[in-house]
Structure formats: C-alpha cells, structure tokens
Amino acid sequence: MRRPSRRCTRDSPSVSRTPSRPPRRLPRLARRTVHAPSHIETGRVPSLRRELGVSRLPPFHWWRTVCFLIPAISVYTIALGTLSIASSLVDRSGRFAHRCARIWSWLILATTGVDVRISGLERVDRQKTYVFAANHQSIYDIPILFSALPFEVRILAKDSLGRFPFLGWHLSRAGHVLVDRRNPGASVFRQVAQLMRAGVSLTVFPEGTRSVDGSLRLFKAGTFKMAIEHGLPVVPVAIHGSRFVMRKGNLMTCPGRVELELFDPIPTTDLSRDDARRLSGQVQQRIAAVVERTKG
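Residues 177 to 472 (the working numbering) are what the sequence shown spells out, left to right.
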C-alpha cells in the first residue's frame with residue numbers, strides 16, 4: 177500500500193461515511209449538463225495559503241529537515257549564540273547581542289524560505305519605547321519579530337526557553353525576561369523597569385502559549401499591568417501566516433509569506449492597574465479583527 181505524501185497544506189476536515197444504497201444514475205442528458213464547481217470537484221476549498229504564497233509542494237522532506245535545515249539552524253545558533261554570550265562580558269547593555277539575534281533570525285527565515293512583510297510602521301515613533309503585544313501562532317514568531325521590528329527589543333518569555341543551550345544562554349545574558357508563569361514574582365517587574373529606563377522596548381505574547389488552530393486565546397492581564405505601571409504605550413501586533421510555516425507540535429516546515437500589522441499605540445499614562453483587564457481586551461479586539469479576517 178502506498179503511503180500518502182505529506183504536503184504543506186491545511187488540514188482538511190474528516191468526512192464520516194455511512195453505508196447507503198448505491199446512488200441512482202442520472203439520465204444521460206443530466207449527466208452531460210450537471211457540473212460541480214471546481215473546488216467541489218477537486219475536493220479543495222479556495223485557500224488563504226495561496227494568498228500568502230505558501231508552497232503546496234512538500235519543500236522539506238524528512239531528509240532535508242534532518243540533513244539540511246536542522247544542521248544549518250544549529251550552526252547559526254551555536255555561532256551567533258557564542259558571539260552574543262561573549263559580547264555580554266563587555267557590553268552589559270545587550271545591544272550587540274540584539275544585533276546577533278537579528279542576524280540569527282534573518283538567517284533562519286532565509287534558510288526556511290519565509291518572506292516577512294510588515295505594515296503599519298508609520299504608526300510608531302522609532303525613537304520611543306513601547307510594549308509590542310502580539311498573537312502567538314508558531315515558534316517562528318520570535319525570529320519573525322526580531323527581524324521585522326526596527327527597535328531595540330527584548331522578549332518576555334516562559335522560563336523553559338532558558339533551558340535550551342546557546343539560545344537560553346543568550347536570552348539570559350542579553351537582558352530578556354524569562355518568567356516562571358507559576359510564580360512570576362516581583363523580580364520580573366524589576367527587570368522590566370530596568371529595560372524601560374534603558375529605552376528598550378518589550379515584545380510579549382499575552383496568550384502565554386502558541387495557538388494550535390490560529391484562534392486567539394484569552395490575553396492575560398499581567399503584561400498590561402506592567403505597561404500601565406511604567407506608562408508605556410502598547411502596540412497591538414497581528415501576525416498571520418506563521419502557523420502555516422511551522423505548526424505547534426510539528427517539525428514540518430514550509431516556505432511562505434508571513435504578514436505583520438502594527439496598530440496605533442494605545443497610551444497608558446491615564447490608566448491605573450485596575451484598567452489592565454480592559455486594556456488587554458482592547459488589544460485583543462484589535463488583533464482579533466485581523467486574525468478572524470485572515471483565518472483559514
């Protein structure tokens with residue numbers, strides 16, 4: 177029996193089949209004149225993937241993943257991670273380490289074949305500091321944001337990332353904020369305060385984890401409490417297309433286009449910590465408008 181080929185396509189819904197009588201044959205004239213629409217005839221629904229330029233061919237078979245993609249990314253991570261860690265001995269600001277992270281991100285995206293397009297940059301002032309709040313669809317969201325945002329940024333991420341060799345060491349030494357979600361503690365607020373005083377922006381994923389199907393999970397209010405406490409404007413960032421590049425729990429990686437949309441910054445200077453939940457809902461609503469429109 178031939179094994180079905182794995183393609184970089186969206187999962188098609190399963191169809192249950194029940195025993196039934198054989199279908200009646202149509203009259204000859206009807207057989208000549210009845211035509212199903214092309215997407216019904218082929219069993220394919222018009223897809224957002226074509227709009228995003230995601231390949232329908234299997235670009236990374238297991239041998240390409242094992243023999244090319246994984247070794248290449250490992251080399252990038254070891255080389256630039258070592259350079260980043262070494263630079264932290266003399267550059268406490270983490271700015272050189274951030275340059276290493278941007279180069280690392282660009283190499284990964286170029287090797288995988290991911291084209292990132294960003295809109296809305298005219299809405300933000302590159303001389304100011306922001307909290308960029310984005311939806312989370314794929315592990316590729318981190319290099320996508322590093323490469324696309326022309327800001328000195330650090331990420332607020334779960335502490336489990338710190339256990340990865342080189343990547344985790346870079347995150348710890350370069351000033352990124354690793355959070356134990358079970359016990360975030362006051363140390364996180366102190367770290368964020370130091371970044372804000374240094375004029376460094378923060379990138380956060382308020383959902384706390386990646387989405388499996390592209391739907392938004394409830395945004396957590398803790399991130400927005402920090403933004404309010406430090407008076408930082410929040411920029412909603414909608415990411416779509418990254419889950420088609422690499423899905424959660426799947427090593428298959430597909431080339432394609434990922435689009436980022438930046439919204440107008442939401443000021444927080446007149447808000448109190450009690451407004452954090454309302455602010456998180458406002459940010460989620462703006463991102464959801466794009467996610468629902470482009471979901472597919």
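Each residue gets a CB set at the ideal place from its N, CA and C atoms; glycine is no exception. Remember, it's a predicted structure, so these values are computed and weren't measured experimentally.
Quiz item: DSSP state of residue 120, grouped into three classes?
Solution: Residue numbering for the chain in the displayed model covers 177 to 472; residue 120 lies beyond these limits and cannot be assessed.
Practice problem: Would you mind sorting residue 343 into buried or exposed? The rule is 16 or more other CB atoms within 10 Å of its CB. | Solution: Buried, since its Cβ has 16 or more Cβ neighbours within 10 Å.
Quiz prompt | Cβ-based burial, residue 379 [other Cβ within 10 Å; buried from 16] | solution = So residue 379 counts as buried.
Self-check item: Nearest-angstrom Cβ-Cβ length linking residue 404 and residue 455, presumed shorter than 8 Å
Solution: Yes, they are in contact, since the Cβ atoms of residue 404 and residue 455 sit about 7 Å apart, within 8 Å.
Quiz prompt | Status (buried if at least 16 other CB within 10 Å, exposed otherwise) for residue 304 | solution = Residue 304 comes out exposed.
Quiz prompt | C-alpha distance - residue 256 paired with residue 444, whole-angstrom precision | solution = Near 36 Å, if we compare the C-alpha coordinates of residue 444 and residue 256.
Quiz item: If residue 422 and residue 323 are in contact, beta carbons under 8 Å, what's the gap, nearest whole angstrom?
Solution: Actually they are not in contact, since the Cβ atoms of residue 422 and residue 323 sit about 15 Å apart, beyond 8 Å.
Quiz item: Counting Cβ pairs, one atom from each stretch, are 3 or more of them under 8 Å apart for the segment 241 to 253 and the segment 271 to 289?
Solution: At 8 Å Cβ cutoff, the stretches touch.
Exercise. Kindly indicate which residue of 292, 264, 298 and 253 has the alpha-carbon position closest to the one of residue 411.
Key: When each option's Cα is compared against that of residue 411, the closest is 298.
Quiz item: If you run the structure through DSSP and keep just helix, strand and coil, what is residue 416?
Solution: In the three-state DSSP reduction, residue 416 falls in the strand class (E or B).
Quiz prompt | Environment of residue 426 [buried if 16+ CB atoms lie within 10 Å] | solution = Counting Cβ neighbours within 10 Å, residue 426 comes out exposed, since fewer than 16 surround it.
Quiz item: Can you tell me the Cα-Cα spacing of residue 219 and residue 420, whole angstroms?
Solution: Confidence in residue 219 is poor, its pLDDT being 44 and thus under 50, which makes the residue's placement too unreliable to answer from.
Exercise. Using the Cα positions of residue 436 and residue 381, report the straight-line distance between them to the nearest angstrom.
Key: Their backbone Cα atoms lie some 14 Å apart in a straight line.
Quiz item: Applying the criterion that 16 or more other CB atoms from any shown protein chain within 10 Å of the CB defines a buried residue, is residue 401 buried or exposed?
Solution: By the neighbour-count definition (other C-beta atoms within 10 Å, threshold 16), residue 401 is a buried residue.
Quiz item: If we count the other Cβ atoms within 10 Å of its Cβ and call it buried at 16 or more, is residue 239 buried or exposed?
Solution: Using a 10 angstroms sphere on the CB of residue 239, the tally of other CB atoms stays under 16, which defines it as exposed.
Quiz prompt | Continuous beta strand (DSSP E) stretch holding residue 330: start and end | solution = 329 to 334 is the span of the beta strand (DSSP E), which, as asked, contains residue 330.
Quiz item: If we ignore side chains and look at the alpha-carbon of each, how far apart do residue 249 and residue 429 end up?
Solution: Between residue 249 and residue 429, the C-alpha separation is close to 13 Å.
Quiz item: Of the choices 377, 351 and 375, whose alpha-carbon is the least far from that of residue 367?
Solution: It is 351 whose Cα lies nearest to the Cα of residue 367.
Quiz prompt | C-beta contact flag for residue 417 and residue 393 at 8 Å | solution = No, they are not a contact pair.
Quiz item: With DSSP run on the structure shown, which of helix, strand or coil describes residue 377?
Solution: Strand.
Exercise. Consult DSSP for residue 308 and reduce its assignment to one of helix, strand or coil.
Key: Strand.
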